[in-house]
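The block underneath contains the structure these notes are about, expressed in structure tokens.
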Amino acid sequence: MKKFNFRKVLDGLTASSPGGSAGGGGAGGGSAHPGGTAGAAGTPREEIQETLTSDYFQICKTVRHGFPYLPTALAFDPVQKILAIGTRTGAIRILGRPGVDCYCQHESGAAVLQLQFLINEGALVSACADDTLHLWNLRQKRPAILHSLKFNRERITYCHLPFQSKWLYVGTERGNTHIVNIESFILSGYVIMWNKAIELSTKTHPGPVVHLSDSPRDEGKLLIGYENGTVVFWDLRSKRADLRAYYDEAIHSVAWHHEGKQFMCSHSDGSLTLWNLKSPNRPFQTTIPHGKIQRDGKKPESCKPILKVEYKTCKNSEPFVIFSGGLSYDKACRRPSLTIMHGKAITVLEMDHPIVDFLTLCETPYPNEFQEPYAVVVLLEKDLIVVDLTQSNFPIFENPYPIDIHESPVTCTEYFADCPPDLIPVLYSVGAKHKKQGYSNKEWPISGGAWNLGAQTYPEIIITGHADGSVKFWDASAITLQMLYKLKTSKVFEKQKPGEGKATAEIVEEDPFAVQMMYWCPESRIFCVAGVSAYVVVYRFSKHEVNTEIASLEVRLQYEVEDIITPEPEIIPQFPDASSQLPSLKSLSGSTNTVACEGMMKDSIPCLSVKTRPVRMPPGYQADLVIQLVWVDGEPPQQITSLAVNSAYGLVAFGNCNGLAVVDFMQKTVLLSMGTLELYGSSDPYQRQPRSPRKSKQFAAGLTELSDSPVSLELERCKSPTSVKGSRKLSLPTDLKTDLDHVNGHCTSPTSQSCSSGKRLSSADVSKANRRGPGRPPFRKAQSAACMEISLPVTTEGYISRRAVLQQLHGISSFSHDERHCTAHTWMNKENRENSFSRSRSSSVSSIDRDSKEAITALYFMESFARKNDSAVSPCLWVGTGLGMVLILSLNLPASDDLRQSEPVMVSPSGTVLTLKGAVLTFACLDCTGTLIHPPYEVWRDPHSADDGEKTRKRKLVMHSPSSSQDMGDHQFAVICSEKQAKVFSLPSQTCLYVHNITETSFLLQADVVTLCNSVCLACFCANGHIMTLSLPSLRPLLDINYLPVTDMRIARTFCFSNEGQALYLSSPTEIQRLTYSQEMCDNLQDMLGDLFTPVETPEAQNRGFLKGLFGGSGQAFDREELFGEATAGKASRSLAQHIPGSGGIEGVRGAAGGVIGDLTRARIALDERGQKLGELDERTASMMASAEAFSKHAHEVMLKYKDKKWYQF
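The numbering of the sequence shown is my numbering, which starts it at 597 and goes up by one.
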């Protein structure tokens, strides 16, 4: 017997009911089954076989690109040729040849103080600010910690690991030197105490250890540098100081000559001292390289400290002395510099950022041979450069790593996985023409590791938008990152002359060209950018250079609904009857009318000036059209919150919190420019009505508003086929009702370009001038915290914090003239700007009139059913708003392509309104089989091709709608996701089939419909850190993992999903973190990652000769073992340092808690604990034995004393 489905009947009734509005049907569908599974009328759910299950999903980080944020330490393995960089956040980045890039993180998050490679051993020692040493195993693709040693009573200041030694010297803040066995990570009992190292007559503490190194001539001698200027040459065998050297300036670093007879120190006064071991009483050479020589023969004046010096010898030339710092104090504005002294030549290399550390790369790893330096790696605060020492002009190497992501702060990102394969070579070919010259012709010296393409080879492209208006295209295939092409969007505008900034209409004090949104159609190669100064630029791709003028349009988006709340009832003007108002006229294309009020009001002025002269455009992306929003009655244009382009239709749509604009970029005309409220027509679910201002009088104390006059009348209106007739009444369904003046929007078509703005009624101008008074700003807002929000039905608890985040996220802002000086859209200060990329906001941002605005938050061009009774799909624009409303606009395009350039395009609201909870984020359409329908597009053709024949000029359109098959074209599924819930509607019936309430307490920041394993799902990123995926169309939860708490607005701004289970976000101001939510990708990740360690033969030491071997000292490894081993040196105090076994060492362990590996790990930890307890027991036993022996001895003595005495003699 067939099961009867009552819900299907209900849905069928809802769909066929003539009385229910579309919005009501949608909302009813949602409330009827909030958990949501009900089949569409006549479309059983069983027809669609969903292939995706939770087994297809797993989240893991894949790779991190970019420059390590806040670097602190640097190390290089000269045999393996890999580089390690430590950071202040406890991260380590290990770099080799391009493609070999590994990211590790200390769990403690403590800053990395120092890094030391075990040269050619595939291991790395890190010393952290929490006084812990860690040993990392690099012989696996994901390095793991093998051992840790936590110092309890002393602070680590310096470490040194001699080449081919297993004993690590550790200097501390107290001035002591400890020795750690690298294999067992246990402290030796051998300690060099500071009071033994210095002379007994010295009355002061020498300070922390700042340098440790063994003599190149004799490994049994250790050079210890103390901060106060004392250098001790310690004989490890005899446990005494061979010599001591004193200098009256603090030491920063020490470097040996390779023969081991001389060493050089750098000091805090900018001096370098050269010492000879035979005469340690004073340095035999002292120089202040950048100090001015005094006329009277006195010592040169002191300079800034030389923070590090390296002294490298060459067989066939003078030695190199390389140091950082040491510049003269009188050059305060001089940039950080690296100085290279080679013979008598001194070269100063100025850097763009402060120097963190540098290392000289040499041909040999042996310290007792001629070093033959060939390059210097310089780690800067925000860059990594390598200088070629083999050429006299010291050029730098071209850096193959993507470490310039942050060249200008990243403001937005887009990620395209599985894009057309021809794009990457095409973008690279136009980008290669912009390569800089003057680099070294040598190969990049950091060439270690091994990397292969791996299994997944589909093309991937990442696009980053930046604060300076630049856009970078990156090849991200096979988890690498390589720059392809850079586009400078600021080039379409005139440069701002110094001193003009305050006088112009700019609304952004700093970074006026910052990229806020991007939209890219890979197939048609149309690229669109929305900037922070309220403009949109449409770019077309061409392989040919062109010299042409840039077309520009100006759009007037004005929200005519105004509040009249004032504490002065006698000056309230008479509120006009809504029916007597004439519709307001919005600006048309090219409108430049300026309405001046009191000489200061800005009106119809764009924020930036587009270049009017012909501009040379190189091959690549060339500006086709610039659209700018203009000032309206002294109010700046609001920032753009949504953007969509369709190449097949030739349209670009964008919206902000005032309304929506649709522009035909083929005919360069504005088709639609209207306030959000006008889009509804008569379908507004909230029948908002204007109320008398006197009824809101009680709010005057808490919220004072001086607003423009409601009488904003126009004498003429431009007629257009797409005009919206009739005015809407506005009624806010809350107790807090604001007084709103409704004025109609305006749509226009190419046929009405000749219309000009009507003149304003003089009475309105007089009324405004009288009410404001001379020089009075048009708005003054004072708002109490109690009046922050209007509760509309779609809002929920927690909405205020969400609104605040979204205002920052979308860049929605309101301006109050009183606050303009301190609240214009500025990137905060420089540090804030790089950390959060949020903009400062006016305190009036949540005022009543602004919250009643409905921002356009999502736009989507699609072949779809616009109305319930449609029998075929047609071009549509889906519009989502901040109040959860979804509107469908019909697009009436010319019937043939030949007429596209001449016939007007009509845009008209269809009357369809759907509702969701929360701001709408994304749309998608599925066909009746559940397959994703891609919007139509135009196949790319070069707009400036030399072959200009009729055949090549004809547009080739690809329409994805399945109209070819009759049974596939009868209905669609519309997927709509808001920040609170997802809904699937059946079209054209507009029945809500499925609804899933994604979150109640938080809100979504990002949602995308993506393809995975030849199927489709909805991927969501929530502000509480959860990443979720839902099946389509049934919205079954497939994945929900608490992955990434949104601690920073940067993450919210830059998180994006892509196809094939890929996603990314900016983990720091300088780094992109990529992750996958695909189980298949997680499984294949090991094959895709590069190998850090490759088997390389250690170069043989040069033949030292008989005499050198005889007199050059011993220093073999067995000497250290004999000196520092437990047999000779004993055990170190257990309270001094605690050994912590590491969690790593076994490659590819997933879920080590279970299985044999987990058991082995637990057994090893248990054995370590048991060994520790046995050690303690051993100590106690030894102590008991010692006391027993003492007792026995005393007893024996007593016995001997009284042995021969008689009992009466006691």
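By construction, the Cβ of each residue, glycine as well, lies at the ideal position given by its N, Cα and C atoms. Bear in mind that the values here come from a model prediction, so they are computed numbers and not experimental data.
Among the residues of its own chain, which have a CB less than 8 angstroms from the CB of Met1781, if the five just before and after it don't count? none
Distance check for Asp1220 and Val1134, CA to CA, integer angstroms please. 6 angstroms
For Gly1065, does the count of other Cβ atoms within 10 angstroms reach 16, so buried, or fall short, so exposed? buried
Determine the extent of the beta strand (DSSP E) in which Asp838 is found, giving its start and end residues. Run containing Asp838: 836 to 842, per the beta strand (DSSP E) assignment.
Helix or strand or just coil, what does DSSP make of Cys1678? helix
What separation, rounded to the nearest whole angstrom, lies between the Cα atoms of Gly705 and Leu1553? 54 angstroms
With a floor of 3 residues, list each beta strand (DSSP E) that falls wholly inside the segment 776 to 860, ordered by position along the chain. 782 to 788, 805 to 810, 817 to 822, 826 to 831, 836 to 842, 847 to 852, all fully within the segment 776 to 860.
Selection from Gln1602, Ala1046, Gln987, Val827 that minimises the alpha carbon distance to Gly803: Nearest Cα to Gly803 within the set Gln1602, Ala1046, Gln987, Val827: Val827.
Assigned exposure category for Asp1679 - 16 Cβ within 10 Å defines buried: So Asp1679 counts as exposed.
Are the segment 999 to 1019 and the segment 1031 to 1040 in contact at 8 angstroms, needing three or more beta carbon pairs? Flag = no, the segment 999 to 1019 and the segment 1031 to 1040 do not touch.
Cβ-based neighbour list, Ser1359, same chain, cut-off 6 angstroms, excluding 5 preceding and 5 following: The predicted position of Ser1359 is uncertain, since its pLDDT is 34 and thus under 50; a value taken from the coordinates is nonetheless stated next. Contacts found: none.
With burial defined as no fewer than 16 other Cβ atoms inside 10 Å of the residue's Cβ, what is the status of Thr649: buried or exposed? exposed
Environment of Phe663 [buried if 16+ CB atoms lie within 10 Å]: Buried: at least 16 other Cβ atoms inside 10 Å.
Does the beta-carbon of Lys1199 have 16 or more other beta-carbons within 10 angstroms, so that it is buried, or is it exposed? First, the residue type needs correcting, since residue 1199 is Asp and not Lys in the sequence shown. With 16 or more other Cβ atoms inside 10 Å of its own Cβ, Asp1199 counts as buried.
Just how far apart, CA to CA, sit Ile981 and Leu808? 27 angstroms
So, with DSSP's three-state summary, where would you put Val982? strand
Would you identify the three-state DSSP class for Pro1471, choosing helix, strand or coil? strand
Distance check for Leu1662 and Asp1000, CA to CA, integer angstroms please. 14 angstroms
Rounded to the nearest angstrom, what separates Arg751 and Ala687 at their Cα positions? 20 angstroms
Bridge partner(s) assigned by DSSP for Phe1137: Checking the DSSP bridge columns, you'll see Phe1137 partnered with Tyr1217.
With respect to the alpha helix (DSSP H) encompassing Met1481, which residues constitute its N-terminal and C-terminal limits? Under the DSSP assignment, Met1481 falls outside any alpha helix (DSSP H), being part of the beta strand (DSSP E) whose first and last residues are 1481 to 1488.
Opening and closing residue of the alpha helix (DSSP H) in which Ile1647 lies: Run containing Ile1647: 1645 to 1650, per the alpha helix (DSSP H) assignment.
Could you tell me which of Gly1216, Ser913, Ile715 sits nearest to Ala1541, measuring between CA atoms? Per the sequence shown, residue 1541 should be read as Ser rather than Ala. Nearest option by C-alpha distance: Gly1216.
Rounded separation between Phe1411 and Glu1231 - CA only: Its pLDDT being 37, under 50, Phe1411 is placed unreliably by the model, and the measurement read from it follows with that caveat. Cα-Cα distance, rounded: 7 angstroms.
If you check the beta carbons only, do Pro969 and Phe759 fall under 7 angstroms apart? Cβ atoms of Pro969 and Phe759: not closer than 7 angstroms.
Let me make sure I understand the geometry here. Which of Leu1455, Ser1486, His848, Thr1477 has the alpha-carbon closest to that of Ala1462? Ser1486
Quick one: complete beta strand (DSSP E) runs, 3+ long, within the segment 1208 to 1275? With a minimum length of 3 residues, the continuous beta strand (DSSP E) runs that stay inside the segment 1208 to 1275 are 1211 to 1213, 1216 to 1225, 1238 to 1242, 1247 to 1251, 1255 to 1260, 1265 to 1271.
Within the same chain, show all residues whose beta-carbon is closer than 6 angstroms to that of Ser1664, passing over the 5 residues directly before and after it, in chain order. Tyr665
Could you spell out the range, first to last residue, of the beta strand (DSSP E) harbouring Val1571? 1568 to 1574
Rounded straight-line distance, which links the Cα of His1567 to that of Thr1527: 12 angstroms
Report yes or no: do three or more beta-carbon pairs, one from the segment 1612 to 1632 and one from the segment 1588 to 1601, lie closer than 8 angstroms? yes
Whole angstroms are fine: how far does the CA of Lys857 sit from the CA of Gln1078? 47 angstroms
Use the C-beta contact count for Val983: other C-beta atoms within 10 angstroms, 16 or more gives buried, fewer gives exposed. Buried, because 16 or more other Cβ atoms sit within 10 Å of the Cβ of Val983.
Give me the DSSP bridge partner(s) of His1735. Leu745
Whose CA, out of Glu959, Leu796, Cys755, Cys1124, lies closest to the CA of Val776? Cys755
Got a sec? Which residues, its chain only, sit under 6 angstroms from Leu1703 by beta carbon, not counting five neighbours each side? The pLDDT assigned to Leu1703 is 48, lower than 50, so where the model puts this residue is not dependable; a value taken from the coordinates is nonetheless given after this. Hits under 6 angstroms: none found.
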